[in-house]
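Protein chains in written order, with UniProt numbering: chain A, 1 to 443; chain B, 1 to 443.
The beta-carbon is built from N, C-alpha and C at its ideal position, and this holds for glycine as well.
Note that this is a predicted model, so its numbers are computed, not measured.
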């Protein structure tokens, strides 16, 4: 930025500050965020740096993530530091994770050393694990401390609603948990070990977020202690940020199914998307050639009856959709642990039933359509039989592919649509062109 | 069940009880649930009814939902009642919602009238709204009540960790919220109105679960008050059950995309699945015929060059996958509100860039494959051009379809795969067969 444009910016700032008075910024942070979004990022950064931390934090929460992520590195260092310190530790870590390596480093250097070290540890855990979501800043007390000791400590952190006090021994081994309700109802001199309850569930930092969700929902917890392999308390996972993470985690299944990286976002750089998507497109190409080679087997039949080429997409489209339906239900069932691999037979039988009934229904409609178009009873018969066979096979494949991927220890969503489409295409082409060849006397 | 099989059942029970001693059931509820699952439902119900409520509740939490749902109506009425009373109100309502109408009615009659009425109200809210998730049993106190009054009330409900006390006036209008931390740190005679903070966010019972999630994550809340249009406090939404619901809500997007009801589960009855999936399959059939009619336009070209029929699935498969990739990222971005409808141009430009780069890369690989297979430079050229065009169009369609559905006030996931496949098929067929016809001199 040149000095000329800087002074221009300051003018715009003054006007902007007049219009969006401090009062407005604090009381209508959502509207303020909306107005500000129209300004260039540098101007937003300058304007925001002049606000009180309270105002800054409130407005910040209304920026869409892609704006917030671009804005953070541009903020003046005091404002940046205050903002990062107010965030929950895991939120802060996740925010830093989305920045470029240099920006991340600069933000970390701007923070108190202790806290930067805590963050650095979180950033080192693998993606989508409990470690990335843990807050190391939990209240730790000794078993001999009293309820009054705990309350004194809470008084110091009055701005934060604390839910649990963790009781650890001198080696940081977790001994028990005291709920704030128990603390509120206790006598002041009661020892914490009398108020503590054993943890109902624990988690390791390397466990997946799905396991975190399972334990939190299974045991109806609002906080889950994280311990290392030696039983040392590392911190705890709390709800608010997890809610969005888990929701997002499920949404990334849709991406993984079609060969998009779970990390890609709607406004990610095109280049990032290209690099991650292309390998799966190339794999998809190989599978598409495999399906095409089935068609090639029947080139002679197609040369005689080009109507078959016209109807090929109908058979493939229907079996593809039937398979995708079965697959969607199975992936959800597996993700929510409503089914496990050992339920495979029940799921398979259900999909066979659906395939038969829907297959017959769709085959009849198709037969009518094909008869009207071609006037050929033979062609209608061929597509009827092929449609039923391919829809049953597609339903079976839709159920089996995610289950087999799970059984093999793979992510059941990863590229499952690419695998499934290959199967449904081949099943559709093989049954349709195979039956057409067998019954070619009728065509 | 005949009396002969009943006495047989009792024998099995005795053996089972001996093996799974009370101690085992209480201390290893997860293993107990696993062992029990192998028994017939009636026997499980008899065995469970004999356990203490504490044991029953612990084991129950480890049954997969489809087992729990079948088992609940079979439980002896005292056990059933105790179990339902221990659940959170919204959990209880959701459980009842999954039962048959008769079973639901029988369970409700078995509960205290007051509570049954509360549940009935929850059951009347539309699916996937805040109303179904609200817990009406929150602690309500008047502004003039003291901290000691609140603590006395909490003492009575010691088993439940209470987080917030809601301050309402005589008309049940919400005046403020007192956090338990503030209560713990207060002087006993302090008035609640001095400790209360205004609610940072509110929600109506008819708002969607996505809005609930947005508010909870936006404001970092662990509890969200629900008020009616007159400002009357209806209850509050708390995290634990919401976590699973939101995760599930995102997973149902995968089902909705391919025309499966959001209500269908992996172990739903086949008949339910058939009824809900068939209409979308029929719609998909119509769209498949539309795509086929494009192929029919070029029947003469195909009759001359059957290799085109062989390669059709390759072009359609690649553009289908490219479109699905763009669509997955866009649906996620919309669901998480990372993008809104007004970002359409940015998302579209990104997908055009990706389509061009990946299109060229894939087209070159395809050209090599096709040249090896056919030895025809003309055919390789045709598929190269067609692949680039169709992949760019597919990427654009993948981004635009969910955005347009959102703009029209529709669910961006609903049947979006069916719509998208139609577009990508037509784009693929049209570009490939069209260019082949134009350049037929080269084939």
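Alpha carbon to alpha carbon, how far is residue j from residue i? Give it in angstroms, no decimals.
i                      : j                      : result
residue 435 of chain A : residue 380 of chain A : 12 Å
residue 340 of chain A : residue 94 of chain A  : 31 Å
residue 70 of chain B  : residue 86 of chain B  : 19 Å
residue 386 of chain A : residue 395 of chain A : 14 Å
residue 98 of chain B  : residue 200 of chain B : 33 Å
residue 116 of chain B : residue 237 of chain B : 19 Å
residue 129 of chain B : residue 206 of chain B : 5 Å
residue 250 of chain B : residue 251 of chain A : 6 Å
residue 278 of chain B : residue 127 of chain B : 22 Å
residue 441 of chain B : residue 353 of chain A : 50 Å
residue 111 of chain A : residue 84 of chain B  : 50 Å
residue 192 of chain B : residue 144 of chain B : 6 Å
residue 343 of chain A : residue 106 of chain A : 51 Å
residue 360 of chain B : residue 384 of chain B : 8 Å
residue 161 of chain A : residue 225 of chain B : 17 Å
residue 287 of chain A : residue 363 of chain B : 15 Å
residue 432 of chain B : residue 358 of chain B : 17 Å
Does the beta-carbon distance from residue i to residue j come in below 9 Å?
i                      : j                      : result
residue 147 of chain B : residue 190 of chain B : yes
residue 374 of chain B : residue 309 of chain B : no
residue 376 of chain B : residue 438 of chain B : no
residue 89 of chain B  : residue 235 of chain B : yes
residue 134 of chain B : residue 153 of chain B : no
residue 180 of chain A : residue 166 of chain A : no
residue 325 of chain A : residue 401 of chain B : no
residue 92 of chain A  : residue 119 of chain A : yes
residue 316 of chain A : residue 248 of chain A : no
residue 217 of chain B : residue 58 of chain A  : no
residue 168 of chain A : residue 233 of chain A : yes
residue 351 of chain B : residue 66 of chain A  : no
residue 302 of chain B : residue 302 of chain A : yes
residue 295 of chain A : residue 312 of chain B : yes
Out of the options, point me to the one whose CA is closest to residue i's CA.
i                      : options                       : result
residue 323 of chain B : B/429, B/409, B/393 and B/137 : B/393
residue 163 of chain A : B/284, B/184 and B/75         : B/184
residue 40 of chain A  : A/355, A/74 and A/60          : A/74
residue 36 of chain A  : A/60, A/428, A/316 and A/406  : A/60
residue 292 of chain B : B/429, B/77 and B/110         : B/429
residue 318 of chain B : A/327, A/303, A/290 and A/368 : A/290
residue 136 of chain A : A/368, A/145, A/247 and A/122 : A/122
residue 196 of chain A : A/113, A/216, A/217 and A/174 : A/174
residue 155 of chain B : A/66, A/187 and A/78          : A/187
residue 330 of chain B : A/388, A/273 and A/72         : A/273
residue 356 of chain A : B/271, B/320, B/427 and B/418 : B/271
residue 113 of chain B : B/103, B/131 and B/81         : B/81
residue 53 of chain B  : B/29, B/42, B/64 and B/223    : B/29
residue 275 of chain B : B/266, B/260, B/345 and B/405 : B/260
residue 280 of chain A : A/346, A/415, A/312 and A/254 : A/415
residue 412 of chain B : B/104, B/335 and B/389        : B/335
According to DSSP, is residue i helix, strand or coil?
i                      : result
residue 369 of chain A : helix
residue 360 of chain A : helix
residue 318 of chain B : helix
residue 38 of chain A  : coil
residue 65 of chain B  : helix
residue 235 of chain A : strand
residue 208 of chain B : strand
residue 197 of chain B : strand
residue 340 of chain B : coil
residue 246 of chain A : helix
residue 225 of chain A : strand
residue 301 of chain A : helix
residue 129 of chain B : strand
residue 6 of chain A   : Residue confidence for residue 6 of chain A is low, a pLDDT of 47 falling below 50, so the modelled location carries little weight; the figure read from the coordinates is stated next. Helix.
Under 7 Å Cβ-Cβ, which residues of chain D neighbour residue i?
i                      : result
residue 417 of chain B : In the structure shown, chain D cannot be found, because the protein chains are A and B.
Just checking residue i against the ligand FMN - is the residue's beta carbon closer than 8 Å to any of the ligand's heavy atoms?
i                      : result
residue 148 of chain A : Summarising the ligand content, the structure contains no ligands, and the ligand FMN is consequently not present.
Inset, instruction - Note down, one range per segment and in chain order, each alpha helix (DSSP H) of at least 4 residues found wholly within the UniProt domain "CBS" (134-195) of chain B. - result: Listed in chain order, they are 147-156, 180-185 and 192-195.
Legend entry - Completely contained beta strand (DSSP E) runs for the region 390-441 of chain A, where each covers 3 or more residues: Listed in chain order, there is nothing to give.
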